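So the sequence lines, in the order shown, correspond to chains A and B.
Reading the first sequence from the start, the letters are residues 38 to 341 in my numbering.
Reading the second sequence from the start, the letters are residues 236 to 498 in my numbering.
The beta carbon of each residue, even a glycine, is placed where N, CA and C say it ideally should be.
Because the structure is a prediction, the values reported are computed rather than measured.
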Amino acid sequence: MTDLSLSNQAIAGKTAPPAEARRLRLPTQWLGVTPFFVFAIMFLILPTLYLMLGAFQNDAGEFTFENIAALAQPSIVAAYWISIKVSLASALIGAFAGLAIAIAIVRGGLPDWIRSATLTFSGVASNFAGVPLAFAFLATLGRLGLATVILNTVFGLNIYAHGFNILSFWGLTLTYVYFQIPLMVVIITPAIDGLKKEWGEAAATLGATTAQYWRMVVIPVIWPSFLGTVILLFANAFGAIATAYALTGSSLNIVPILLYAQIRGDVLHNAHLGYAIAFGMIVITGLANVFYIWFRTRSERWLK
Amino acid sequence: MKSGRFWAWVVFALGAAYFFIPLIATVEFSMRMRRGAYSFDAYQIVLGDERFQATFMYSVVAAIFTIILGVLIVVPAAYWIRLRLPQIRPVVEFITLLPLVIPAIVIVFGYIRMYGSNSPLPFLASDTGTNALLVIGYATLALPYMYRAVDTGLRTIDVRTLTEAAQILGAGWGTIITRVILPNVLIAVLSGAFLTFAIVIGEFTMASLLNRPAFGPYLQNIGANRAYEPAALAIIAFAITWGCMSLIQILSRFAPKSANRPN
Numbered sequence: 038m039t040d041l042s043l044s045n046q047a048i049a050g051k052t053a054p055p056a057e058a059r060r061l062r063l064p065t066q067w068l069g070v071t072p073f074f075v076f077a078i079m080f081l082i083l084p085t086l087y088l089m090l091g092a093f094q095n096d097a098g099e100f101t102f103e104n105i106a107a108l109a110q111p112s113i114v115a116a117y118w119i120s121i122k123v124s125l126a127s128a129l130i131g132a133f134a135g136l137a138i139a140i141a142i143v144r145g146g147l148p149d150w151i152r153s154a155t156l157t158f159s160g161v162a163s164n165f166a167g168v169p170l171a172f173a174f175l176a177t178l179g180r181l182g183l184a185t186v187i188l189n190t191v192f193g194l195n196i197y198a199h200g201f202n203i204l205s206f207w208g209l210t211l212t213y214v215y216f217q218i219p220l221m222v223v224i225i226t227p228a229i230d231g232l233k234k235e236w237g238e239a240a241a242t243l244g245a246t247t248a249q250y251w252r253m254v255v256i257p258v259i260w261p262s263f264l265g266t267v268i269l270l271f272a273n274a275f276g277a278i279a280t281a282y283a284l285t286g287s288s289l290n291i292v293p294i295l296l297y298a299q300i301r302g303d304v305l306h307n308a309h310l311g312y313a314i315a316f317g318m319i320v321i322t323g324l325a326n327v328f329y330i331w332f333r334t335r336s337e338r339w340l341k
Numbered sequence: 236m237k238s239g240r241f242w243a244w245v246v247f248a249l250g251a252a253y254f255f256i257p258l259i260a261t262v263e264f265s266m267r268m269r270r271g272a273y274s275f276d277a278y279q280i281v282l283g284d285e286r287f288q289a290t291f292m293y294s295v296v297a298a299i300f301t302i303i304l305g306v307l308i309v310v311p312a313a314y315w316i317r318l319r320l321p322q323i324r325p326v327v328e329f330i331t332l333l334p335l336v337i338p339a340i341v342i343v344f345g346y347i348r349m350y351g352s353n354s355p356l357p358f359l360a361s362d363t364g365t366n367a368l369l370v371i372g373y374a375t376l377a378l379p380y381m382y383r384a385v386d387t388g389l390r391t392i393d394v395r396t397l398t399e400a401a402q403i404l405g406a407g408w409g410t411i412i413t414r415v416i417l418p419n420v421l422i423a424v425l426s427g428a429f430l431t432f433a434i435v436i437g438e439f440t441m442a443s444l445l446n447r448p449a450f451g452p453y454l455q456n457i458g459a460n461r462a463y464e465p466a467a468l469a470i471i472a473f474a475i476t477w478g479c480m481s482l483i484q485i486l487s488r489f490a491p492k493s494a495n496r497p498n
């Protein structure tokens with residue numbers, strides 16, 4: 038942690054002073070990046086800051102912690118909790134399954150076409166989210182879905198009688214995994230490719246068994262990118278709304294759906310509470326990404 | 236490693252089952268509309284639906300404007316950073332990652348509050364303004380992908396030499412960007428464009444909260460009210476995503492040709 042913060046300071050130190058000096062000398066220097074910064078400030082940074090400030094203001098515009106405190110009411114806490122659970126469960130399942138698939142296609146000795154087909158398909162599936170994904174899972178695991186019907190008629194297993202429901206925590210998690218696994222495969226495959234053959238040979242020369250090679254070389258090297266990607270998957274699921282909304286309507290009250298209802302109709306009867314919910318979401322995904330960047334910096338040390 | 240290969244096959248088969256069963260189920264479900272026989276009725280109804288055509292065209296147009304806006308913002312910035320301002324690269328990269336940190340619903344919530352009818356910049360006061368705001372919102376969603384695609388493209392060419400050569404021949408900045416740099420990174424820009432298209436075409440959150448008649452809200456509406464059409468729409472949407480990704484792959488095969496000419 039310390040060396041990272043140091044390097045960040047170093048970067049910051051390097052960027053700031055010359056920028057000042059050059060702006061005085063030659064303002065045209067900034068011409069090419071002006072549209073980008075104007076756009077980013079107006080449509081990305083200011084709207085977000087506006088909400089974040091609004092979270093700490095009351096209707097009269099005075100500073101207050103009331104909105105943040107009001108997040109503690111049971112329905113909102115429950116919404117955050119179920120969102121965190123779904124995001125975490127889908128991120129972990131997606132990460133382990135994706136890692137297994139990536140290892141299988143890179144190191145498993147499968148034919149080459151399987152590797153390229155898997156990577157192509159992963160590119161597609163990681164972008165196949167939103168409303169259509171919900172439709173696909175309703176057609177599969179809904180009450181009349183193909184998998185539900187086949188399990189019932191062929192195997193005599195009525196999953197709905199056993200408490201399964203697509204409009205539930207596990208239903209939503211299973212659906213999210215459909216874009217989480219491919220995302221993991223796409224991100225982690227280069228990391229596994231980056232494991233140098235020489236390391237395996239060096240380990241073997243020193244007399245390591247396969248298990249030792251994995252435990253003492255592979256896992257420590259992959260670990261940071263793996264954890265980093267888990268966090269990225271978490272943030273990815275946490276902000277998603279379209280799939281959940283199309284799948285469950287508002288029967289599963291995750292945070293984005295609560296915020297959606299609040300924006301549409303002020304269901305919480307307090308405009309600034311909406312800001313506070315948005316603020317909470319930014320804090321959670323923001324923290325997740327800070328960890329992601331930290332882990333990625335660590336992993337790049339080895340994989341370059 | 237015999238057992239290793241066996242387990243690799245097991246993992247691959249399980250993964251393939253998880254990913255293909257929903258697709259097969261959706262295809263099967265979408266063809267169940269006519270009682271007792273498989274048919275393409277659901278597809279016919281969907282494709283013949285006026286609202287499908289209208290909302291789909293709306294989203295296609297929105298995607299095209301998003302791509303144009305994204306290119307206008309990203310290409311000059313990425314080019315300039317490579318040429319003159321490498322020291323601000325970390326700042327710009329951080330900003331381009333922000334849309335992955337800030338959920339789309341929060342960004343659009345900010346727009347609604349900041350650019351409402353009574354604000355100094357009342358985007359939401361008119362239809363045209365709201366459409367523009369939707370395109371702007373989409374451009375922020377696509378920013379991380381567009382920037383990365385263009386930056387990767389620029390990495391493969393010698394920006395400085397090309398620029399100096401063009402300057403010696405008397406080209407102005409406009410000419411340099413449109414006639415020298417852009418053609419060289421065209422493949423990368425197109426990859427970013429198709430990815431943007433795939434993201435934008437079925438986007439629900441922003442379009443719905445800005446009350447735009449886009450494809451995503453239409454999908455959601457059909458899903459809430461119909462039985463078989465949603466499955467047909469899911470297959471159509473999957474085909475569109477697949478098409479975009481295939482085009483990116485095909486394009487990437489052409490990419491090295493331009494990259495290997497650093498002269």
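Chain-ordered, the chain B residues with CB closer than 8 Å to the CB of A/Gln-66 read Arg-319 and Leu-320. Non-local C-beta neighbours of B/Ala-474 in its own chain, meaning closer than 7 Å and more than five positions away in sequence, are absent.
Note on geometry: alpha-carbon atoms of A/Phe-158 and B/Tyr-253 lie some 13 Å from one another. Interface with chain A (7 Å Cβ-Cβ cutoff): B/Pro-311 is included.
Under the DSSP assignment, B/Asp-362 falls in the alpha helix (DSSP H) whose first and last residues are 362 to 390. When DSSP states are grouped into helix, strand and coil, A/Gln-110 belongs to the coil group. If you compare the alpha carbons of B/Arg-324, B/Gly-283, B/Thr-387 and B/Ile-342 with that of B/Val-424, the shortest gap goes to B/Thr-387. Each residue's CA atom was taken as its position, placing A/Ala-240 and A/Val-254 some 8 Å apart. The three-state secondary structure of B/Phe-489, taken from DSSP, is helix. Between B/Gly-305 and the set A/Val-114, A/Ile-119 and A/Phe-80, the nearest pair of CA atoms involves A/Phe-80.
If you draw a 10 Å sphere on the C-beta of B/Pro-448, you find fewer than 16 other C-beta atoms in it, and that means exposed. Contacts between A/Ile-138 and chain B, judged by CB atoms closer than 8 Å, involve Val-246, Phe-247 and Gly-250 in chain order.
Per the Cβ contact rule, the stretch 189 to 200 of chain A is not in contact with the stretch 263 to 282 of chain B (fewer than 3 Cβ pairs under 8 Å). No Cβ of chain A is located within less than 7 Å of the beta carbon of B/Arg-270. Not flagged as an interface residue toward chain B: A/Ala-240, since no C-beta distance is shorter than 7 Å. In the structure shown, B/Phe-439 falls within a coil segment according to DSSP collapsed to helix, strand and coil.
For A/Gln-217, the enclosing alpha helix (DSSP H) starts and ends at 206 to 230.
Taking the beta carbon of B/Pro-357 as reference, no residue of chain A falls within 9 Å; the closest one sits roughly 14 Å away. At a cut-off of 7 Å between beta-carbon atoms, B/Leu-417 makes no contact with chain A.
For A/Thr-246, there is no enclosing alpha helix (DSSP H), as DSSP marks it with neither H nor E. With fewer than 16 other CB atoms across the displayed protein chains lying within 10 angstroms of its CB, A/Arg-252 is exposed. Less than 7 Å divides the Cβ of A/Val-168 from the Cβ of A/Ala-279. For B/Phe-429, the CB contacts under 6 Å within the same chain, skipping 5 residues up- and downstream, are Cys-479, Leu-482 and Ile-483 in chain order. Counting only Cβ-Cβ distances below 7 Å, B/Ala-466 has contacts in chain A at Phe-172 and Ala-176, in chain order. For the 7 Å CB-CB criterion, A/Pro-293 and B/Ile-340 form a contact.
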